[in-house]
Each structure stands twice: as C-alpha cells, then as structure tokens.
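Chemist: Throughout, the numbering used here is defined as the position within the sequence shown, counted from one, plus 455.
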Amino acid sequence: MFFPWEKPRREQETGNLLADTRIRAPFHRLMTLISGTAVAEKVLEECRRDIAELAKLGKKPGLAVVLVGDDPASRAYVRSKDKKCRDLGLHSVKLELPAETTQEELLAHVETLNRDPAIHGILVQSPPPKHIDEAAIVRAIDPAKDVDGFHPINVAKLALEDSSGFVPCTPLGCQRLLVDAGIETKGANVVVVGRSMIVGKPMALLLMAKGVGGDATVTVAHSRTKDLPAICRQADIIVAAIGRPEFIKAEHVKEGAVVIDVGINRVEAPGTEKGYKLVGDVAFAEVAPKCRAITPVPGGVGPMTIAMLMANTIKACQQAGA
Numbered sequence: 456m457f458f459p460w461e462k463p464r465r466e467q468e469t470g471n472l473l474a475d476t477r478i479r480a481p482f483h484r485l486m487t488l489i490s491g492t493a494v495a496e497k498v499l500e501e502c503r504r505d506i507a508e509l510a511k512l513g514k515k516p517g518l519a520v521v522l523v524g525d526d527p528a529s530r531a532y533v534r535s536k537d538k539k540c541r542d543l544g545l546h547s548v549k550l551e552l553p554a555e556t557t558q559e560e561l562l563a564h565v566e567t568l569n570r571d572p573a574i575h576g577i578l579v580q581s582p583p584p585k586h587i588d589e590a591a592i593v594r595a596i597d598p599a600k601d602v603d604g605f606h607p608i609n610v611a612k613l614a615l616e617d618s619s620g621f622v623p624c625t626p627l628g629c630q631r632l633l634v635d636a637g638i639e640t641k642g643a644n645v646v647v648v649g650r651s652m653i654v655g656k657p658m659a660l661l662l663m664a665k666g667v668g669g670d671a672t673v674t675v676a677h678s679r680t681k682d683l684p685a686i687c688r689q690a691d692i693i694v695a696a697i698g699r700p701e702f703i704k705a706e707h708v709k710e711g712a713v714v715i716d717v718g719i720n721r722v723e724a725p726g727t728e729k730g731y732k733l734v735g736d737v738a739f740a741e742v743a744p745k746c747r748a749i750t751p752v753p754g755g756v757g758p759m760t761i762a763m764l765m766a767n768t769i770k771a772c773q774q775a776g777a
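(1) Residue 747 by DSSP, collapsed to three states: which one?
(2) In whole angstroms, what is the alpha-carbon distance linking residue 504 and residue 659?
(3) Quick one: what's got a C-beta closer than 6 Å to residue 550's C-beta in the same chain, skipping five residues either side?
(4) Would you call the segment 554-573 in contact with the segment 518-535, where contact means no fewer than 3 C-beta pairs closer than 8 Å?
(5) Of the choices 581, 608, 749, 638, whose alpha-carbon is the least far from that of residue 708?
(6) Does DSSP put residue 576 in a helix, a strand or coil?
(7) In or out: residue 619 buried (at least 16 other Cβ within 10 Å) or exposed?
(8) Along the chain, where does the beta strand (DSSP E) that runs through residue 546 open and close?
(9) If you measure between the beta carbons of residue 676 and residue 648, is that distance less than 9 Å?
(10) Please determine if the segment 635-649 and the segment 695-714 are in contact, where contact requires at least 3 C-beta pairs separated by less than 8 Å.
(11) Quick check on DSSP: helix, strand or coil for residue 512?
(12) Report the option in 556, 559, 572, 490 whose CA atom is closest to the CA atom of residue 772.
(13) Taking 9 Å as the threshold (C-beta atoms), are residue 641 and residue 599 in contact?
(14) By Cβ distance below 7 Å, which residues in the same chain neighbour residue 584 in space, the five residues on each side in sequence not counted?
(15) Starting from residue 716, follow its DSSP beta bridges and name the residues at the other end.
(16) As a quick exercise: from 754, 511, 557, 604, pick the residue whose alpha carbon is nearest that of residue 578.
(17) Rounding to the nearest angstrom, what Cα-Cα distance links residue 757 and residue 626 in this structure?
(18) Residues bridged to residue 523 by DSSP?
(19) At what residue ranges does the segment 613-665 contain a whole run of the alpha helix (DSSP H), taking only runs of 4 or more?
(20) Residues in its own chain within less than 6 Å of residue 621 by CB, not counting five upstream and five downstream?
(21) According to DSSP, is residue 567 part of a helix, a strand, or is it coil?
(22) Can you give the Cα-Cα distance for residue 507 and residue 734, rounded to whole angstroms?
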C-alpha cells in the first residue's frame, strides 16, 4: 500500500498510469490526460492484496458511514462508498438517520461505533443538517478510526509528517496521481487554489512534506489573493480546489504546466438527457492545450477519493491493536 512518506516502488510497480488518450496541442506538444480511473483501479488492486493478507490474520477491515437526513447527493455518495466496500470484501455498515436526529443522538451513535471492534473506519457524511455541530462530531470520532483525516489529532500528525495519522482522501488521491504520472514535485513551484480543511490546507502540507510526492515550494491562493492569474502563472503545478465551475482559465496557466482539477460542479446543459453536465474548477477546453498534463472531469480526481478512503480504512485495520 502506498502512503505519502514511503519510498517509491520500482517503476514497474508504481507504473506511469496515464490515459491512452493524448491530445496534440496547437504548438505540437503532446498533452497527457492523467486518468484517475486507471490509478484508482491500481490502488484498489493494492487494497485487495492487503485485504487478503489481513484475512490470513483473521482480520477484516470495517467501514461505517453515517448519513443524517435525506440529501440526494449525500445519499448517492453513501451508496457508492457502501458498494465499493462490498465489492472489495470490506465489512460495511451504512447507518441512515432521520434529519431530525439530535446532536446528542448522533454523538451516541458515533460512540457506539468507536467501541465496535469490527469497525476500523468511521465517516459521517458531510454536510449534516444545520442543527448539527459538524466540528463536534468530527472531534468525537476516535482518531484511530478517523479515515477522513479531519480530527485535530490527524491534522496535527499531517503537519508533523507522522505517517501513523490519516490524510484526507482527496488530497491524498491528488498526490498519488502526481506520483503515478511521474510528475516531479521536488523543488517544483506549486499553487494550490483553495484553502479548505478538506482539500486546500492538507494538500499544501502534503506537497511540502519531505519525501516522494512532496518537497515542493507551495503557495496557497484563495478568494482574497491579489492578481491570482499572475500568481498561478508562476506554477509548475496547479491544484484547483476552489469550488467554482471553470474558474481557472488559460490566463492562469503557463505553457507546460501540470493541472490537477479537484472541482466537481454541476452546471445546466439544456438539451442533454440529464439537463446538466459535470465540469471542474478548470476551463478544460482552453487550459488543456497549454498543459503538459491535466486531469479531466469526470474521471480524474473523483475516482481517487473513494479509492483512498478504502486504503485509509485498510490502514486503520492494519494499525488496530498493533
């Protein structure tokens, strides 16, 4: 299993998993699509091997996902996580609670899961209803079962480069994409656009950490950053996680840059079957021709998030009782 501070595997193991599709830019330089789907499948294959090794020890990783309310998008995410667990052979618990569930009731459910030895990872689907204090719920999860990596203890471990902690799944997936694509981060100028605790801040910490997929010089930009295009044009690598559809334009990107698009935004698309389409935080059509490599939306970062959640759950099982 790959984790941020491990030494790289042999090239034939880590591979260089890029999409077969290459797009020729107007100035005749090849641009490569980094396939999150391909790399995620590789991570899941590593998970299968680790699960088989744990089975020899009589262990089975278990993940509990808690959903409060009936938000359709959240329900879809929970279903996809449950399905992936079952496909891999993980023990999966899906706890669906009504929207009127109180803070105290939710905390009681979390404590029950904390004490359950068959559960190694706990995830409370975000966002919860407005009357729920999400930060308090995160703090109530046993840090050893916080496979989302949001507990203050795990945040501190990330900052301290303590590999026993859990890293949030999306930035961990972004780092894995860079490593498997053969993108050198050591000494690279990286701009992370976005400063959320879910992606932006942990992404910056990962990229600054010593070792494989790190050692970068990192700038974190956000909504108050002055002259964002000029800042971004200095970047060898841009990680766009601002949550605004097609916000990063060609003017933000220098020729030959690598762009990791974390955004998943639903925008209206009249005349299509669903009436909407998914786009990233990057205006792909105008940015891609300038890039050395770029992740698509969909099929880029998205598949990596669930794959790394599975990896974190297996890691929690491996560390349990160690």
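Ideal Cβ positions, reconstructed from N, Cα and C, are used throughout, including at glycine. The model shown is predicted, which means the values in this text are computed figures rather than measured ones.
Modeler: In brief:
(1) For the purposes of this step, residue 747 is identified with residue 292 of the sequence shown, where counting begins at 1. It is a strand residue.
(2) In the sequence shown, residue 504 corresponds to position 49, counting from 1. In the sequence shown, residue 659 corresponds to position 204, counting from 1. Taking the straight line joining both Cα atoms gives about 30 Å.
(3) Within the sequence shown, residue 550 is the residue found at index 95, counting from 1. Closer than 6 Å at Cβ, skipping near neighbours: 521.
(4) yes
(5) As a first step, residue 708 must be located in the sequence shown, where it is residue number 253. Comparing Cα-Cα distances from residue 708 to each of 581, 608, 749, 638, the minimum goes to 749.
(6) Taking the sequence shown and counting its residues from 1, the one referred to as residue 576 is at position 121. Of the three classes helix, strand and coil, the one that applies to residue 576 here is strand, per DSSP.
(7) Locating residue 619 in the sequence shown gives position 164, counting from the first residue. Looking at its Cβ environment, which holds fewer than 16 other Cβ atoms inside 10 Å, residue 619 is exposed.
(8) Residue 546 sits at position 91 when you count from the first residue of the sequence shown. Segment 546-552, the beta strand (DSSP E) holding residue 546.
(9) Numbered from its first residue, the sequence shown carries residue 676 at position 221. Numbered from its first residue, the sequence shown carries residue 648 at position 193. The answer is yes: Cβ separation under 9 Å.
(10) yes
(11) Taking the sequence shown and counting its residues from 1, the one referred to as residue 512 is at position 57. The answer is coil: DSSP assigns residue 512 none of H, G, I, E or B.
(12) Locating residue 772 in the sequence shown gives position 317, where the first residue counts as 1. The candidate whose alpha carbon is nearest that of residue 772 is 572.
(13) The residue you call residue 599 lines up with position 144 of the sequence shown. The residue you call residue 641 lines up with position 186 of the sequence shown. Not a contact, by the Cβ cut-off of 9 Å.
(14) Against the sequence shown, residue 584 aligns to sequence position 129. 523, 524, 554.
(15) Residue 716 sits at position 261 when you count from the first residue of the sequence shown. In the DSSP output, where bridge partners are listed per residue, residue 716 has 695.
(16) Here residue 578 is taken as the residue at index 123 of the sequence shown, counted from 1. Answer by Cα proximity: 604.
(17) Mapped onto the sequence shown, residue 757 falls at position 302. Mapped onto the sequence shown, residue 626 falls at position 171. The alpha-carbon atoms of residue 757 and residue 626 are separated by roughly 11 Å.
(18) Here the question's residue 523 lines up with position 68 in the sequence shown. Answer is 552, bridged to residue 523.
(19) 624-635, 655-663
(20) Here residue 621 refers to the residue found at position 166 of the sequence shown. If we look at residue 621 and ignore the five residues flanking it on each side, its Cβ neighbours are 601, 602, 604, 609, 767.
(21) Residue mapping note: residue 567 aligns to position 112 of the sequence shown, counting from 1. It is helical.
(22) For the purposes of this step, residue 507 is taken as residue 52 along the sequence shown, with counting starting at 1. For the purposes of this step, residue 734 is taken as residue 279 along the sequence shown, with counting starting at 1. Whole-angstrom Cα-Cα distance: 37 Å.
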